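>
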Amino acid sequence: MKIELKQTVTGTTGHERLTWLRLLSRKALIYLALCGGMAQAESPNIIYYEAPPADEIADILFKPRYRGIEFNDQPAPQQAANVFGMMINFEFDSIKIVPDSLPMLDAVGRMMQLERVAERRIVIEGHTDAIGGEPYNQHLSERRARAIKRYLISRFKIAADRLVIVGKGETEPHDRRRPANPVNRRVQFRPLV
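Every letter in the sequence shown is one number past the one before it in this note's numbering, and letter 71, counting from 1, is 167.
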């Protein structure tokens with residue numbers, strides 16, 4: 097089954113609409129339906145429930161958005177950052193990663209070992225749902241991002257300076273209409289530029 101996802105990039109030159117077709121697994125389609133359907137597909141975020149190949153992760157995070165050469169005095173338009181999200185689960189009120197989540201983290205670790213991204217750095221963002229107090233959730237999201245970093249360093253021998261952690265707490269829910277939705281508990285990866 098094919099489904100069309102759209103993405104808008106806004107810059108100094110106005111709107112540019114990028115459209116592409118992606119084959120999505122049944123679980124991904126269910127996920128989109130649970131998150132509000134195609135309205136969520138407008139977001140530049142891509143969230144996986146199953147471990148994708150390392151090359152696909154690298155393409156999402158590090159593939160340039162613009163191609164071609166333009167000769168003028170205008171500054172380049174600002175682009176939305178490439179984001180790769182994964183449903184990484186932790187034990188309740190803990191930084192212990194649930195074993196079912198390890199294949200996804202292993203895919204990120206393999207991606208960071210690819211020769212074509214050997215010098216690249218990523219930001220590991222921890223997110224929580226809105227259950228609990230905001231200061232507590234902020235701290236928990238930072239601790240969980242740090243746990244992901246430790247796992248990638250210990251298992252894949254990735255240099256620590258290539259992994260930067262950020263805790264977002266409950267401030268950037270994936271499902272804004274339902275802040276307590278478990279889908280908001282996630283880890284996202286961004287390229288560090």
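C-beta: ideal position from N, C-alpha, C; glycine also.
Bear in mind that the values here come from a model prediction, so they are computed numbers and not experimental data.
Among Pro-199, Leu-157, Arg-206, which one has its Cα closest to the Cα of Ala-93?
The question about residue 93 has no answer, for the chain in this structure spans 97 to 289.
> So for Phe-188, helix, strand or coil by DSSP?
Here residue 188 refers to the residue found at position 92 of the sequence shown. Phe-188: coil per DSSP, three-state reduction.
> Report yes if the C-beta distance between Ile-220 and Val-283 is below 9 angstroms; otherwise report no.
The sequence position of residue 220 within the sequence shown is 124, counting from 1. The sequence position of residue 283 within the sequence shown is 187, counting from 1. Going by C-beta atoms, Ile-220 is nearer than 9 angstroms to Val-283.
> From Asn-178 to Ile-227, what distance separates their C-alpha atoms?
Here residue 178 corresponds to residue number 82 of the sequence shown, with the count starting at 1. Here residue 227 corresponds to residue number 131 of the sequence shown, with the count starting at 1. Computed Cα separation, rounded: 28 angstroms.
> Pro-287 to Met-182, Cα distance in whole Å?
On the sequence shown, residue 287 is found 191 positions in, with the first residue counted as 1. On the sequence shown, residue 182 is found 86 positions in, with the first residue counted as 1. Taking the straight line joining both Cα atoms gives about 15 angstroms.
> Going straight from the alpha carbon of Asp-189 to that of Ile-254, what length do you get?
By 1-based counting over the sequence shown, the position of residue 189 is 93. By 1-based counting over the sequence shown, the position of residue 254 is 158. Using only the alpha carbons, I get a separation of about 27 angstroms.
> Using 8 angstroms as the cut-off, can you tell me whether the region 225-242 makes contact with the region 269-280, which would need three or more C-beta pairs spanning the two stretches below that distance?
yes
> Would you report the Cα separation of Leu-157 and Arg-212, rounded to the nearest angstrom?
The residue given as residue 157 occupies position 61 in the sequence shown. The residue given as residue 212 occupies position 116 in the sequence shown. Cα to Cα, Leu-157 sits roughly 12 angstroms from Arg-212.
> In whole angstroms, give me the CA-to-CA distance for Asn-185 and Arg-240.
Position 89 of the sequence shown, counting from 1, holds the residue named residue 185. Position 144 of the sequence shown, counting from 1, holds the residue named residue 240. Approximately 10 angstroms, taken between the alpha carbons.
> Helix, strand or coil for Gln-234 per DSSP?
By one-based count along the sequence shown, residue 234 stands at place 138. The three-state reading of DSSP puts Gln-234 in helix, counting H, G and I together.
> With distance defined between alpha-carbon atoms, name the residue in Asp-151, Ser-250, Tyr-232 nearest to Ala-203.
Numbered from its first residue, the sequence shown carries residue 203 at position 107. With distances taken between Cα atoms, Ala-203 lies closest to Asp-151.
> Can you give the Cα-Cα distance for Glu-230 and Glu-238, rounded to whole angstroms?
Here residue 230 corresponds to residue number 134 of the sequence shown, with the count starting at 1. Here residue 238 corresponds to residue number 142 of the sequence shown, with the count starting at 1. Each residue's Cα considered, the two are about 12 angstroms apart.
> Any idea what DSSP makes of Gly-228, helix, strand or coil?
Stepping through the sequence shown from its first residue, residue 228 is reached at position 132. The answer is coil: DSSP assigns Gly-228 none of H, G, I, E or B.
> Starting from the Cα of Arg-246, find the closest Cα among Gln-209, Leu-259, Gln-234, Val-279 and give me that residue.
Taking the first residue of the sequence shown as position 1, residue 246 is located at position 150. When each option's Cα is compared against that of Arg-246, the closest is Leu-259.
> Which partner residues does Glu-221 have in the DSSP bridge list?
For the purposes of this step, residue 221 is taken as residue 125 along the sequence shown, with counting starting at 1. Answer is Val-262, Gln-284, bridged to Glu-221.
> DSSP three-state label for Ala-124, please.
In the sequence shown, counting from the first residue as 1, residue 124 sits at position 28. Confidence at Ala-124 is low in this model, with a pLDDT of 48, below 50, so the placement of that residue is unreliable and no value is reported for it.
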